[in-house]
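Undergrad: Using my numbering, you'd call the opening residue of the sequence shown number 92 and step up by one each time.
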Amino acid sequence: MAYVIIKALAPIFLIMLLGFYAGKAKMVDNKNVALLNVFVMDFALPAALFSATVQTPWQGIVQQWYLVVVLVLSMWITFAAIYFISTKLFNKSAQDSAVLTLTVALPNYAALGLPILGSVVGENSSTSLSVAISIACGSVLLTPFCLLILEREKARASGTAHGSSLSMLPILIWRSVTKPIVFGPLFGVILSAIGIKMPEMVLLAIKPLGLAATAAALFLTGLILSARKLKMNAVVTLSCITKLIIQPIIAWGIVILFGLHGSIAITSILMIALAAGFFGVVFGNRFGVQSPDAEATLLLTSILCIVTLPLFITLTAGI
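Take a look at the structure:
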């Protein structure tokens with residue numbers, strides 16, 4: 092099993108390493124990555140997420156509603172807890188905390204979901220559907236929270252914020268929803284729900300963008316990391332423990348609460364037990380927010396999941 096996990100992680104580390112090397116070698120300006128960020132956040136990732144969600148059968152989502160509930164509750168609880176701890180206990184800024192929180196709360200479904208889940212429950216259409224549902228849950232039901240906070244702080248910094256956060260909420264929601272990274276997957280879910288299938292020609296046309304999305308995001312992440320000095324501290328330690336141990340235990344508790352068994356229970360826990368995703372770091376860079384804690388968490392959880400994932404795979408084998 093460790094071999095399967097390392098095999099799944101190898102492309103991630105290789106592409107991030109290439110981005111890191113390109114930045115350190117000054118092949119790419121690692122302090123000015125705005126153009127690459129626009130490509131990733133406004134074109135490649137939205138195309139990939141739209142393609143994944145629009146091709147996810149609505150009936151399949153309805154049939155796996157338990158998976159949706161477990162994933163969403165696990166991510167929401169983690170998001171709320173880490174954001175509170177980061178802002179109230181460690182006195183981090185709202186922007187920094189939002190980026191860190193999204194990094195911790197949102198697992199790397201896109202890169203690790205299919206190889207890990209396929210090796211445990213088998214590669215079939217149900218497995219692919221579960222991964223697609225996981226990606227949809229993260230992109231539609233979690234990332235907007237991070238965007239809302241970043242948009243709110245951006246408005247306050249520019250002096251365009253008026254009134255309380257609650258009174259600003261409609262405007263912030265509109266700004267977040269109209270961002271391609273949210274609108275893309277949300278539009279895909281809506282089309283799937285009302286039964287509209289995208290023409291094959293359209294899907295083929297955006298396929299190259301989708302294929303480039305993960306690689307470009309990982310390269311960008313490596314490039315961003317090359318401009319920073321990663322440091323261990325209490326926030327990073329807590330974030331890693333939360334992501335790799337506490338969040339999967341939360342998911343397990345929800346599974347027990349609903350009385351789930353078999354592949355749906357295993358899938359729910361293992362999807363949450365994956366390493367941290369790169370969305371938080373990339374989102375932060377798009378808004379000019381640097382979070383060394385999020386970057387360190389991303390890197391360390393990607394390494395440490397080689398140990399924690401086999402543990403949860405073994406523990407969930409009999410449920």
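For every residue, glycine included, the Cβ atom is placed at its ideal position computed from N, Cα and C. All of these numbers come straight from a predicted model, not from anything done at the bench.
1) Nearest-angstrom Cα distance between tyrosine 157 and isoleucine 355?
2) To which residues of the same chain is alanine 318 closer than 8 Å at the C-beta, ignoring the five residues directly before and after it?
3) List the whole-angstrom C-beta distance separating serine 382 from valine 190, where the pair is believed to meet the contact cut-off of C-beta under 8 Å.
4) Is alanine 387 closer than 9 Å to serine 359 when the C-beta atoms are compared?
5) Does DSSP classify proline 198 as helix, strand or coil?
6) List the whole-angstrom C-beta distance separating valine 372 from alanine 385, where the pair is believed to meet the contact cut-off of C-beta under 8 Å.
7) For leucine 108, which residues in the same chain have their Cβ closer than 7 Å to its Cβ, ignoring the five residues on either side in sequence?
8) Please report the distance separating the alpha-carbon of alanine 248 from that of threonine 178.
9) Give the list of continuous alpha helix (DSSP H) stretches no shorter than 4 residues that lie fully inside the region 233-305.
10) Does DSSP put alanine 364 in a helix, a strand or coil?
11) Out of curiosity, what's the CA-to-CA distance linking asparagine 128 and glycine 409?
12) Let me make sure I understand the geometry here. Which of Leu390, Gly250 and Lys270 has the alpha-carbon closest to that of methionine 323?
13) Taking one C-beta from the region 235-243 and one from the region 209-226 each time, how about it: are there three or more such pairs within less than 8 Å?
14) Going along the chain, which residues of its own chain have a beta-carbon closer than 8 Å to the beta-carbon of lysine 98, five neighbours each way excluded?
15) Going by the CB atoms, is the gap between leucine 105 and valine 163 shorter than 9 Å?
16) Less than 9 Å separating the beta-carbons of leucine 300 and alanine 135?
17) Apart from the five residues on each side of it in sequence, which residues of its chain come closer than 8 Å, Cβ to Cβ, to asparagine 413?
18) According to the Cβ coordinates, are tryptophan 167 and serine 283 closer than 9 Å?
19) Kindly give me the distance between the Cβ atoms of alanine 60 and valine 131, rounded to whole angstroms, as I take these residues to be in contact under 8 Å.
20) Put glutamine 186 into one of helix, strand or coil per three-state DSSP.
21) Mind checking asparagine 182: buried by the 16 CB within 10 Å criterion, or exposed?
TA: In brief:
1) 8 Å
2) Closer than 8 Å at Cβ, skipping near neighbours: Gly114, Asn121 and Lys122.
3) 4 Å
4) No.
5) strand
6) Indeed, because the Cβ distance is near 6 Å, the residues count as touching under 8 Å.
7) Cβ neighbours of leucine 108 beyond the five flanking positions: Gly313.
8) 18 Å
9) 234-249, 256-268 and 271-284
10) coil
11) Rounded to the nearest angstrom, the gap between the Cα atoms of asparagine 128 and glycine 409 is 43 Å.
12) Leu390
13) no
14) Pro206
15) no
16) yes
17) The chain is shown from 92 up to 410; residue 413 falls before or after that span and cannot be answered.
18) Not a contact, by the Cβ cut-off of 9 Å.
19) Summary: the structure shown does not reach residue 60, with the chain confined to residues 92 through 410, and so no result is reported for it.
20) helix
21) exposed
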